[in-house]
Amino acid sequence: VQVETLLRDAYIVPETKDLAALLADFRRAKFHIAVVVDEYGTMAGIVTLEDLLEEIVGEIEDEFDLPDESVEHVDENTVRIDGTFPIDDFNEKFRVELPIEDYHTVAGFVFHLIGRAPAEGDEVDYDGLHFKVAEIEGSRIEKLEVQFVVAPAPEQDEPHEERAAAEG
-2 VQVETLLRDA YIVPETKDLA ALLADFRRAK FHIAVVVDEY GTMAGIVTLE DLLEEIVGEI
58 EDEFDLPDES VEHVDENTVR IDGTFPIDDF NEKFRVELPI EDYHTVAGFV FHLIGRAPAE
118 GDEVDYDGLH FKVAEIEGSR IEKLEVQFVV APAPEQDEPH EERAAAEG
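For the sequence shown, counting from 1, position 75 maps to 72 in our numbering; every step adds exactly one.
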(Lines of atoms letter the chains of each structure in order from A and count residues from 1; the text may use other names and numbers.)
(Lines give C-alpha, C1' and ligand atoms only; values in the text may rest on other atoms or scores of the structure.)
Protein backbone atom coordinates (compact mmCIF):
# COMPACT_ATOMS: atom_id res chain seq x y z
CA VAL A 1 0.00 0.00 0.00
CA GLN A 2 1.35 3.38 -0.97
CA VAL A 3 1.27 5.88 1.91
CA GLU A 4 0.23 8.63 -0.48
CA THR A 5 -3.09 6.88 -1.09
CA LEU A 6 -3.90 7.11 2.62
CA LEU A 7 -2.96 10.78 3.09
CA ARG A 8 -5.55 13.53 3.41
CA ASP A 9 -5.11 17.25 3.85
CA ALA A 10 -5.11 18.39 7.46
CA TYR A 11 -8.42 19.71 8.73
CA ILE A 12 -7.62 23.24 9.96
CA VAL A 13 -9.90 25.20 12.30
CA PRO A 14 -9.58 28.61 13.98
CA GLU A 15 -9.09 28.59 17.75
CA THR A 16 -12.26 30.69 18.06
CA LYS A 17 -14.51 27.95 16.66
CA ASP A 18 -17.11 26.85 19.21
CA LEU A 19 -17.52 23.28 20.37
CA ALA A 20 -20.92 22.59 18.80
CA ALA A 21 -19.86 23.82 15.36
CA LEU A 22 -16.62 21.84 15.49
CA LEU A 23 -18.46 18.69 16.53
CA ALA A 24 -20.86 19.14 13.59
CA ASP A 25 -17.88 19.64 11.24
CA PHE A 26 -16.20 16.48 12.55
CA ARG A 27 -19.37 14.45 11.94
CA ARG A 28 -19.97 15.90 8.47
CA ALA A 29 -16.37 15.57 7.24
CA LYS A 30 -15.71 12.29 9.11
CA PHE A 31 -12.61 13.72 10.79
CA HIS A 32 -11.47 12.77 14.27
CA ILE A 33 -8.66 15.32 14.58
CA ALA A 34 -8.08 18.92 13.54
CA VAL A 35 -5.19 21.37 13.58
CA VAL A 36 -6.08 24.50 15.54
CA VAL A 37 -4.60 27.79 14.31
CA ASP A 38 -4.60 31.27 15.82
CA GLU A 39 -5.52 34.51 14.07
CA TYR A 40 -2.05 34.67 12.47
CA GLY A 41 -2.33 31.19 10.99
CA THR A 42 0.18 29.78 13.46
CA MET A 43 -0.52 26.33 14.83
CA ALA A 44 -1.96 26.63 18.34
CA GLY A 45 -2.45 22.89 18.87
CA ILE A 46 -4.63 19.99 17.90
CA VAL A 47 -8.10 18.92 18.96
CA THR A 48 -9.58 15.46 18.71
CA LEU A 49 -13.10 14.11 18.68
CA GLU A 50 -12.35 12.57 22.09
CA ASP A 51 -11.39 16.04 23.41
CA LEU A 52 -14.75 17.43 22.29
CA LEU A 53 -16.72 14.56 23.79
CA GLU A 54 -14.82 14.86 27.09
CA GLU A 55 -15.77 18.54 27.25
CA ILE A 56 -19.41 17.49 26.99
CA VAL A 57 -19.61 14.33 29.11
CA GLY A 58 -16.44 14.42 31.23
CA GLU A 59 -13.33 12.26 31.17
CA ILE A 60 -13.52 9.21 28.90
CA GLU A 61 -11.04 6.49 29.80
CA ASP A 62 -9.84 4.19 27.07
CA GLU A 63 -7.12 1.60 26.61
CA PHE A 64 -4.52 4.31 26.00
CA ASP A 65 -5.17 6.30 29.20
CA LEU A 66 -2.65 5.62 31.93
CA PRO A 67 -3.83 5.33 35.54
CA ASP A 68 -3.43 8.55 37.50
CA GLU A 69 -0.46 7.59 39.65
CA SER A 70 0.81 11.16 39.91
CA VAL A 71 -1.63 11.88 42.77
CA GLU A 72 -1.38 10.01 46.06
CA HIS A 73 -3.97 10.80 48.72
CA VAL A 74 -2.16 11.25 52.05
CA ASP A 75 -5.29 12.07 54.04
CA GLU A 76 -8.67 13.72 53.56
CA ASN A 77 -7.20 17.18 52.87
CA THR A 78 -3.69 16.35 51.60
CA VAL A 79 -2.32 14.93 48.37
CA ARG A 80 1.22 14.07 47.32
CA ILE A 81 1.99 14.95 43.71
CA ASP A 82 4.89 14.83 41.29
CA GLY A 83 6.63 18.17 40.95
CA THR A 84 6.13 17.91 37.19
CA PHE A 85 2.33 17.99 37.60
CA PRO A 86 1.14 20.59 35.03
CA ILE A 87 -0.49 23.63 36.66
CA ASP A 88 -3.46 23.69 34.29
CA ASP A 89 -4.17 20.01 35.03
CA PHE A 90 -3.81 20.68 38.78
CA ASN A 91 -6.25 23.60 38.55
CA GLU A 92 -8.77 21.48 36.65
CA LYS A 93 -8.44 18.37 38.82
CA PHE A 94 -8.66 20.18 42.17
CA ARG A 95 -10.83 23.15 41.10
CA VAL A 96 -8.33 25.78 42.18
CA GLU A 97 -6.82 28.74 40.36
CA LEU A 98 -3.04 28.78 40.54
CA PRO A 99 -1.59 31.34 38.11
CA ILE A 100 -0.48 29.77 34.84
CA GLU A 101 1.16 32.72 33.11
CA ASP A 102 4.78 32.13 34.11
CA TYR A 103 4.84 28.50 35.28
CA HIS A 104 4.12 25.18 33.63
CA THR A 105 4.36 22.90 36.67
CA VAL A 106 3.24 23.07 40.28
CA ALA A 107 6.91 22.68 41.31
CA GLY A 108 7.83 25.73 39.22
CA PHE A 109 5.12 27.74 40.93
CA VAL A 110 6.23 26.61 44.41
CA PHE A 111 9.89 27.32 43.50
CA HIS A 112 8.81 30.88 42.66
CA LEU A 113 6.90 31.25 45.93
CA ILE A 114 9.90 30.04 47.96
CA GLY A 115 12.13 32.51 46.12
CA ARG A 116 15.34 30.44 46.33
CA ALA A 117 16.55 26.93 45.64
CA PRO A 118 14.09 24.73 47.52
CA ALA A 119 15.07 22.35 50.29
CA GLU A 120 13.25 19.27 51.49
CA GLY A 121 10.73 20.33 54.14
CA ASP A 122 10.27 23.89 52.82
CA GLU A 123 6.68 25.04 53.24
CA VAL A 124 4.72 27.88 51.70
CA ASP A 125 1.05 28.93 51.60
CA TYR A 126 -0.95 30.32 48.72
CA ASP A 127 -4.68 31.08 48.54
CA GLY A 128 -5.94 28.35 50.86
CA LEU A 129 -3.30 25.81 49.84
CA HIS A 130 -0.32 24.70 51.94
CA PHE A 131 2.60 23.36 49.90
CA LYS A 132 5.40 21.29 51.44
CA VAL A 133 8.47 20.16 49.51
CA ALA A 134 8.50 16.40 50.18
CA GLU A 135 11.39 15.26 47.96
CA ILE A 136 14.24 17.01 46.19
CA GLU A 137 16.50 15.60 43.50
CA GLY A 138 19.42 17.91 42.84
CA SER A 139 17.83 21.34 42.73
CA ARG A 140 14.54 20.02 41.37
CA ILE A 141 11.36 19.49 43.38
CA GLU A 142 10.53 15.82 42.84
CA LYS A 143 7.44 15.51 45.11
CA LEU A 144 5.13 17.99 46.82
CA GLU A 145 2.51 17.59 49.49
CA VAL A 146 -0.45 19.90 49.01
CA GLN A 147 -2.86 20.46 51.86
CA PHE A 148 -6.20 22.01 51.05
CA VAL A 149 -6.70 24.31 54.03
CA VAL A 150 -10.35 24.79 54.90
CA ALA A 151 -11.08 28.46 54.44
CA PRO A 152 -12.88 30.18 57.31
CA ALA A 153 -16.53 30.96 56.73
CA PRO A 154 -16.99 34.47 55.34
CA GLU A 155 -17.94 37.06 57.91
CA GLN A 156 -21.60 37.93 57.87
CA ASP A 157 -22.15 41.54 56.91
CA GLU A 158 -24.88 43.39 58.70
CA PRO A 159 -27.97 43.86 56.54
CA HIS A 160 -27.78 46.69 54.01
CA GLU A 161 -30.51 48.71 55.76
CA GLU A 162 -28.77 48.61 59.16
CA ARG A 163 -25.43 49.55 57.59
CA ALA A 164 -27.02 52.50 55.76
CA ALA A 165 -28.72 53.69 58.98
CA ALA A 166 -25.44 53.48 60.90
CA GLU A 167 -23.64 55.50 58.22
CA GLY A 168 -26.45 58.10 57.97
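Every residue gets a Cβ at the ideal spot worked out from N, C-alpha and C, and that includes glycine. In this text, all values refer to a predicted model and were calculated from it rather than measured experimentally.
- By alpha-carbon distance to Arg5, the top candidate from Ala31, Val143, Pro11 is Ala31.
- Collapsing the DSSP output to three states places Thr2 in a helix.
- Per DSSP, reduced to three states, the secondary structure at Asp85 is helical.
- Under the DSSP assignment, Phe23 falls outside any beta strand (DSSP E), being part of the alpha helix (DSSP H) whose first and last residues are 16 to 26.
- In this structure, DSSP gives Glu73 a state outside helix and strand, which the three-state scheme calls coil.
- About 5 Å separates the Cβ atoms of Phe128 and Val107, confirming a contact at the 8 Å cut-off.
- Taking a 10 Å sphere around the C-beta of Thr13, we find fewer than 16 other C-beta atoms and assign the residue as exposed.
- Lys140 has Asp79, Glu132 as its beta-bridge partners, per DSSP.
- Setting aside the 5 residues that flank it on each side, Phe145 is surrounded in the same chain by Asn74, each with a C-beta closer than 6 Å to its C-beta; the list follows chain order.
- Your pair Glu139 and Gly80 checks out as a contact, with CB atoms roughly 5 Å apart and the cut at 8 Å.
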